[in-house]
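Okay, so the sequence shown: first residue is 1 according to UniProt numbering, each after it adds one. The block underneath contains the structure these notes are about, expressed in structure tokens.
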Amino acid sequence: MAAALSYGSLASFGEKFSNNSDSLQDANTALAELDKGLRSSKTGEQCEAIVRFPGLFEKYPFPILINSALLKLADVFRVGNNFLRLCILKVTQQSEKHLDKVLNVDEFLKRIYSVIHSNDPVARAITVRFLGSIASLVSERKNVHHSIRSSLESHDEVELEAAIFATDKLCSHSREFASGLYNKISQLIEGLSTPVEMKLKLIPIFRHMHYDLHLTEKVHELCSSLLISHPACNFVVVTLHTLSCLAAELLLRYLRNDPRRVAKNHALSDLTMLASGAPHMWKVEHVEDLCEFMLSCCYDFLTLSSLRVLVTLSRSEAVDILNNRKVLEVCCKESNSCNSAVAALATELLINIAVAAVRNDKEDVSLCEEALTAAETCAVVCCVREQVQSLKFAKVIINADDNNTESKDLVVGIATLIFQSCQSALCYKQEREKIEDLLLEQLGKLMTSSRYWTMFRGFHGLAAKMFGKLTSKVASEHFHFWLTALKLFCEAESLLSVKCDTQLALSRQICDAIAKYHKGITTLKASVSSNHQFSFQCRYTSLRAEVLQAHNLLLSSCATIKSCPTPAIARAVAMATGQDVQRLSHFMAQMSECSKLFRSLGERYGQLYQSSFNADPVSLQNIETSLRDQRSTSHKSNALGHSQITLASAEILETVEQTDYLLRASMTILKVPFIYPKFFFCSQQATNIKLALSPSPRIPSEPISVTLDTQFVLKVEGVIEHGQHPGLYRKVQSVCLSVKWQAEDQKQQVSDVKSPSEIVTCLEQTVIPRHDYFSAQFLLSFNIPTVYHVTVYSSVIDRSGILWNTGSQSSLQVKASDSMTRKQRTSRS
Numbered sequence: 001m002a003a004a005l006s007y008g009s010l011a012s013f014g015e016k017f018s019n020n021s022d023s024l025q026d027a028n029t030a031l032a033e034l035d036k037g038l039r040s041s042k043t044g045e046q047c048e049a050i051v052r053f054p055g056l057f058e059k060y061p062f063p064i065l066i067n068s069a070l071l072k073l074a075d076v077f078r079v080g081n082n083f084l085r086l087c088i089l090k091v092t093q094q095s096e097k098h099l100d101k102v103l104n105v106d107e108f109l110k111r112i113y114s115v116i117h118s119n120d121p122v123a124r125a126i127t128v129r130f131l132g133s134i135a136s137l138v139s140e141r142k143n144v145h146h147s148i149r150s151s152l153e154s155h156d157e158v159e160l161e162a163a164i165f166a167t168d169k170l171c172s173h174s175r176e177f178a179s180g181l182y183n184k185i186s187q188l189i190e191g192l193s194t195p196v197e198m199k200l201k202l203i204p205i206f207r208h209m210h211y212d213l214h215l216t217e218k219v220h221e222l223c224s225s226l227l228i229s230h231p232a233c234n235f236v237v238v239t240l241h242t243l244s245c246l247a248a249e250l251l252l253r254y255l256r257n258d259p260r261r262v263a264k265n266h267a268l269s270d271l272t273m274l275a276s277g278a279p280h281m282w283k284v285e286h287v288e289d290l291c292e293f294m295l296s297c298c299y300d301f302l303t304l305s306s307l308r309v310l311v312t313l314s315r316s317e318a319v320d321i322l323n324n325r326k327v328l329e330v331c332c333k334e335s336n337s338c339n340s341a342v343a344a345l346a347t348e349l350l351i352n353i354a355v356a357a358v359r360n361d362k363e364d365v366s367l368c369e370e371a372l373t374a375a376e377t378c379a380v381v382c383c384v385r386e387q388v389q390s391l392k393f394a395k396v397i398i399n400a401d402d403n404n405t406e407s408k409d410l411v412v413g414i415a416t417l418i419f420q421s422c423q424s425a426l427c428y429k430q431e432r433e434k435i436e437d438l439l440l441e442q443l444g445k446l447m448t449s450s451r452y453w454t455m456f457r458g459f460h461g462l463a464a465k466m467f468g469k470l471t472s473k474v475a476s477e478h479f480h481f482w483l484t485a486l487k488l489f490c491e492a493e494s495l496l497s498v499k500c501d502t503q504l505a506l507s508r509q510i511c512d513a514i515a516k517y518h519k520g521i522t523t524l525k526a527s528v529s530s531n532h533q534f535s536f537q538c539r540y541t542s543l544r545a546e547v548l549q550a551h552n553l554l555l556s557s558c559a560t561i562k563s564c565p566t567p568a569i570a571r572a573v574a575m576a577t578g579q580d581v582q583r584l585s586h587f588m589a590q591m592s593e594c595s596k597l598f599r600s601l602g603e604r605y606g607q608l609y610q611s612s613f614n615a616d617p618v619s620l621q622n623i624e625t626s627l628r629d630q631r632s633t634s635h636k637s638n639a640l641g642h643s644q645i646t647l648a649s650a651e652i653l654e655t656v657e658q659t660d661y662l663l664r665a666s667m668t669i670l671k672v673p674f675i676y677p678k679f680f681f682c683s684q685q686a687t688n689i690k691l692a693l694s695p696s697p698r699i700p701s702e703p704i705s706v707t708l709d710t711q712f713v714l715k716v717e718g719v720i721e722h723g724q725h726p727g728l729y730r731k732v733q734s735v736c737l738s739v740k741w742q743a744e745d746q747k748q749q750v751s752d753v754k755s756p757s758e759i760v761t762c763l764e765q766t767v768i769p770r771h772d773y774f775s776a777q778f779l780l781s782f783n784i785p786t787v788y789h790v791t792v793y794s795s796v797i798d799r800s801g802i803l804w805n806t807g808s809q810s811s812l813q814v815k816a817s818d819s820m821t822r823k824q825r826t827s828r829s
């Protein structure tokens with residue numbers, strides 16, 4: 001194949017992939033547009049074209065396209081400046097998973113490698129980093145090995161750091177390079193001329209030197225000596241971390257390559273110990289290596305030991321790295337194993353992965369269903385074969401009184417999967433109550449406190465019973481009212497989940513739910529304390545109650561259209577005006593009122609959204625869903641709540657041409673399980689603004705005196721307070737301050753400014769905080785001798801430029817008087 005592939009070759013290559021011909025043509029066009037930018041004489045246009053290549057690779061991951069594009073980038077790297085080379089380096093690092101699609105490796109390397117002989121140390125450093133970034137392609141190239149070894153001897157700090165980066169990358173791919181570099185690295189680490197920072201970066205390279213036992217022993221001996229000769233904290237931490245990684249790599253290598261089953265079993269036992277004691281040390285590559293071994297293993301006892309390693313990881317913070325294709329492939333295979341113990345462990349692993357996804361608000365319906373099916377199948381097989389020990393892993397409900405914490409977690413995990421996967425079967429009251437009572441009975445046996453009730457979102461009947469039991473087990477009166485309010489809210493939502501076929505039955509359900517909500521809101525306000533204001537919770541539940549009230553009004557309005565004949569007055573108006581639509585004037589008035597009410601609710605949801613600066617992204621998405629009138633049916637999501645709204649929207653669209661469209665739409669929306677956002681229960685980010693106004697009155701109840709012929713200088717100072725996780729979801733970029741004032745005898749503000757002589761009643765100013773402190777000054781003028789109420793409002797702007805009305809406000813009173821009046825009073829006194 002030619003060194004540089006032309007764009008026309010994309011068309012010929014597309015003949016082999018007739019189904020993707022349109023995509024290849026689009027890719028051809030996109031690549032041609034980017035090539036124009038690369039050929040530009042302006043660095044800015046070239047850079048703009050370069051940074052668009054990762055997106056092109058993700059959209060069109062065809063080998064012929066990626067090969068051609070990378071060759072063109074290599075040309076720019078060869079003749080361009082250091083800034084363009086750095087941009088190309090970033091593109092290559094972002095497109096690491098596509099590097100194996102490069103077809104002309106020799107030509108690609110030749111163009112890049114020519115820069116290594118430059119007299120510019122920065123250009124050489126970028127090239128060395130580039131070689132490290134493509135280590136998977138050039139790991140066995142001798143010239144690359146030589147260049148990186150030479151850069152390790154450089155006296156330029158930038159080039160030396162680049163060489164260390166490339167060495168680390170290449171050692172992870174090349175056994176020959178890692179084995180031959182041990183002496184060089186050990187000399188640099190032990191050398192007195194090597195800076196301490198460089199030594200700390202060189203030590204982690206040893207974690208890749210696990211290719212033979214002799215080399216591993218040498219590395220272990222050197223690291224052990226470093227622990228004694230370099231007792232500084234940073235040296236000890238880095239060295240211990242390197243030894244731990246080296247142990248994991250060494251064990252996995254023996255697991256793959258040693259033919260003796262006893263050695264493999266001991267390696268798996270030690271891997272289980274590492275998974276239990278240091279789960280944070282595990283990487284996706286380690287898990288994939290273990291899965292590759294399991295997929296090719298034909299011994300049940302080795303498969304069982306391997307599953308124990310993965311299950312141990314699934315019970316730790318490393319569970320997130322297990323949700324990948326290789327692990328799920330292992331679970332699918334082993335959950336159907338003839339060995340009951342293997343099937344039980346694979347089922348537990350799948351359940352833990354699914355439950356972790358639900359806990360992190362990334363629940364996958366198909367994954368939940370797969371885990372539940374595996375649990376049910378394993379439980380049935382274990383019962384038939386009377387495998388009690390294996391059954392303990394698959395439906396631990398019968399052993400829920402066991403003191404094993406892991407068993408208790410698995411009970412709740414299986415219960416979660418039952419509810420998340422069998423939603424369609426739980427729409428009937430009898431079936432739902434039966435399962436709720438069964439699970440509540442078993443969950444009640446758990447003696448430890450747990451927050452797993454957050455997983456039962458959308459299943460308010462069970463949650464109401466759980467809250468009801470907890471109300472009598474708290475010592476604080478505020479907690480009692482809080483749990484009671486939650487119980488009432490869940491009871492209100494559970495009333496709406498009962499299936500009904502008539503409009504009258506639905507209207508009764510709504511009325512009962514509204515009554516529960518109002519009672520719950522009153523109870524919620526009784527739980528307010530100085531530490532827990534519950535402002536978001538009160539506003540959110542009040543909006544939910546008003547939404548139900550709006551739906552009830554809509555149902556009542558739809559019912560009035562059936563009241564025939566129309567009123568005589570309406571008929572007379574229709575005959576007089578010649579507009580037959582006036583016959584339905586009463587219905588039109590009601591529908592207009594419903595429309596205004598729903599629009600008002602939408603605006604208030606928008607205001608709630610803007611005031612929720614500290615909310616997590618999923619909670620904001622929940623509020624936004626309530627704000628929208630209708631979700632796009634083309635939107636696909638794995639989240640259970642969103643998928644149900646999507647299905648409801650699709651069902652509504654199917655009935656859009658029917659006469660009872662509004663009635664059906666309302667009933668469909670009300671039957672979607674209502675999900676309270678995470679922000680309703682807890683907030684991990686706490687950003688507050690405290691304001692201080694000066695001058696301040698000597699006595700808080702008295703106003704500040706000024707004269708009409710002077711301007712009042714108001715200084716506003718503020719401090720931004722953070723909680724335990726500052727800037728977790730969004731950070732404050734600037735603070736927007738607005739000052740409004742109005743006369744006491746005027747009930748409304750003067751807002752239109754028509755001439756300088758008129759009073760300006762609103763001023764705004766945006767300030768950038770420095771170390772969480774900000775200040776601003778305002779000049780206020782008054783033209784009427786009376787008392788003015790001055791209020792300062794604060795809002796924040798995040799780094800995305802979004803305005804959040806989440807700040808505090810402060811106020812004071814100013815008494816303006818005429819200077820002549822003051823002089824007369826002074827003379828009289």
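The beta-carbon is built from N, C-alpha and C at its ideal position, and this holds for glycine as well.
Checklist entry - How close, in whole Å, do the beta carbons of residue 696 and residue 554 come, if the pair is a contact with beta carbons under 8 Å? => result Under the criterion of beta carbons closer than 8 Å, residue 696 and residue 554 do not qualify as touching, at roughly 51 Å.
Checklist entry - Does DSSP classify residue 615 as helix, strand or coil? => result Of the three classes helix, strand and coil, the one that applies to residue 615 here is coil, per DSSP.
Next on the checklist: Just to confirm, is the Cβ distance from residue 139 to residue 170 under 8 Å?
Outcome noted: Between residue 139 and residue 170, the gap from beta carbon to beta carbon is short of 8 Å.
Item to check | Distance between beta carbons of residue 479 and residue 517, contact taken as under 8 Å | outcome: The Cβ separation is near 20 Å, so there is no contact.
Checklist entry - Where do the N-terminal and C-terminal ends of the beta strand (DSSP E) with residue 789 fall, by residue? => result Counting along the chain, the beta strand (DSSP E) containing residue 789 begins and ends at 787-798.
Next on the checklist: Taking the straight line between their C-alpha atoms, what separation do you get for residue 222 and residue 186?
Outcome noted: Rounded to whole angstroms, the gap between the alpha carbons of residue 222 and residue 186 is 8 Å.
Checklist entry - Taking the Cβ atom as the reference point for each residue, do residue 314 and residue 353 lie within a distance shorter than 8 Å? => result For the pair residue 314 and residue 353, the CB atoms are nearer than the 8 Å cut-off.
Next on the checklist: So residue 350 and residue 374 are supposed to be a Cβ contact under 8 Å. How far apart are they, rounded?
Outcome noted: Yes, they are in contact, since the Cβ atoms of residue 350 and residue 374 sit about 5 Å apart, within 8 Å.
Checklist entry - In this structure, does DSSP put residue 291 in helix, strand or coil? => result In the structure shown, residue 291 adopts helical secondary structure according to DSSP, grouped into three states.
Item to check | Proximal residues to residue 307 (C-beta, below 7 Å), its chain only, five neighbours per side dropped | outcome: Excluding its 5 nearest sequence neighbours in each direction, residue 307 has C-beta neighbours in its own chain below 7 Å: 334, 342, 345, 346, 349, listed in chain order.
Next on the checklist: Spatial neighbours of residue 95 within its chain, please: C-beta separation below 6 Å, excluding the five flanking residues on both sides.
Outcome noted: Closer than 6 Å at the Cβ level, and outside the excluded window around residue 95, lie 54, 57.
Item to check | Cβ separation of residue 323 and residue 357, assumed to be a contact under 8 Å, to the nearest whole Å | outcome: Taking a contact as a CB-CB distance under 8 Å, the pair residue 323 and residue 357 counts as one, their CB atoms being some 6 Å apart.
Checklist entry - Smallest Cα separation from residue 214: which of 525, 179, 779? => result Checking every option, the nearest Cα to that of residue 214 belongs to 179.
Checklist entry - What first and last residue would you give for the beta strand (DSSP E) that runs through residue 103? => result That residue, residue 103, is in no beta strand (DSSP E); it is neither H nor E in DSSP.
Checklist entry - To the nearest whole angstrom, what separates the beta carbons of residue 543 and residue 608, a pair I think is in contact under 8 Å? => result The C-beta distance from residue 543 to residue 608 rounds to 7 Å, short enough to meet the 8 Å contact threshold.
Checklist entry - Ordered along the chain, which non-local residues of its own chain (more than five positions away) have a Cβ less than 8 Å from that of residue 188? => result So the qualifying residues of the chain are 152, 194, 198, 199, 202.
Checklist entry - According to DSSP, which residues form a beta bridge with residue 688? => result BP columns for residue 688 point to 721.
Checklist entry - Between residue 766 and residue 741, which are expected to be in contact by the criterion C-beta below 8 Å, what is the C-beta distance as a whole number of angstroms? => result Taking the Cβ atoms as the reference, residue 766 lies roughly 19 Å from residue 741, outside the contact range of under 8 Å.
Item to check | Cα-Cα separation, residue 230 to residue 208 | outcome: In a straight line, the C-alpha of residue 230 is about 22 Å away from that of residue 208.
Item to check | C-beta atoms of residue 260 and residue 211 nearer than 8 Å | outcome: No, the Cβ-Cβ distance between residue 260 and residue 211 is not below 8 Å.
Checklist entry - For residue 88, which of helix, strand or coil comes out of DSSP? => result It is helical.
Checklist entry - Out of curiosity, what's the CA-to-CA distance linking residue 677 and residue 60? => result Distance from the CA atom of residue 677 to the CA atom of residue 60, rounded to whole angstroms, is 37 Å.
Item to check | Runs of alpha helix (DSSP H) wholly within the stretch 452-531 (minimum 4 residues, chain order) | outcome: Complete alpha helix (DSSP H) runs here, min 4: 460-470, 477-497, 503-526.
Item to check | Start-to-end residues for the beta strand (DSSP E) that takes in residue 773 | outcome: Taken as a continuous stretch (DSSP letters only), the beta strand (DSSP E) holding residue 773 covers 773-780.
Next on the checklist: Suppose you measure from the CA of residue 684 to the CA of residue 731; what does that come to, to the nearest Å?
Outcome noted: Spanning the two alpha carbons is a distance of roughly 13 Å.
Checklist entry - If you draw a straight line from the alpha carbon of residue 134 to that of residue 808, how long is it in whole angstroms? => result CA-CA distance, residue 134 to residue 808, rounds to 52 Å.
Checklist entry - Quick one: what does DSSP say residue 51 is sitting in, helix, strand or coil? => result When DSSP states are grouped into helix, strand and coil, residue 51 belongs to the coil group.
Next on the checklist: Whole angstroms are fine: how far does the CA of residue 734 sit from the CA of residue 833?
Outcome noted: The displayed coordinates of the chain run from 1 to 829. Any statement about residue 833 would go beyond what the structure contains.
Item to check | Residues that DSSP places opposite residue 712 in a beta bridge | outcome: In DSSP, residue 712 forms a bridge with 780.
Item to check | Host beta strand (DSSP E) of residue 742 (start-end) | outcome: According to the DSSP assignment, residue 742 belongs to the beta strand (DSSP E) that extends over 732-743.
Item to check | Pick from 787, 778, 258, 101 that is closest to residue 704, judged by C-alpha positions | outcome: For residue 704, the nearest C-alpha among the options comes from 787.
Next on the checklist: Assuming residue 112 and residue 74 are in contact, meaning their beta carbons sit under 8 Å apart, how far apart are those beta carbons, in whole angstroms?
Outcome noted: Yes, they are in contact, since the Cβ atoms of residue 112 and residue 74 sit about 5 Å apart, within 8 Å.
Checklist entry - Straight-line CA distance for residue 595 to residue 66? => result Straight-line Cα distance between these residues: approximately 53 Å.
Checklist entry - Are residue 545 and residue 481 closer than 8 Å when you measure CB to CB? => result Going by C-beta atoms, residue 545 is not nearer than 8 Å to residue 481.
Next on the checklist: Just verifying my parser: in three-state terms, what is the DSSP assignment at residue 153?
Outcome noted: Three-state result, residue 153: coil.
Checklist entry - Using a Cβ-Cβ cut-off of 8 Å (strictly less than) and excluding sequence neighbours within five positions of residue 254, which residues of its own chain qualify? => result In its chain, beyond the 5 residues on either side, 263, 264, 267 have a beta carbon closer than 8 Å to the beta carbon of residue 254.
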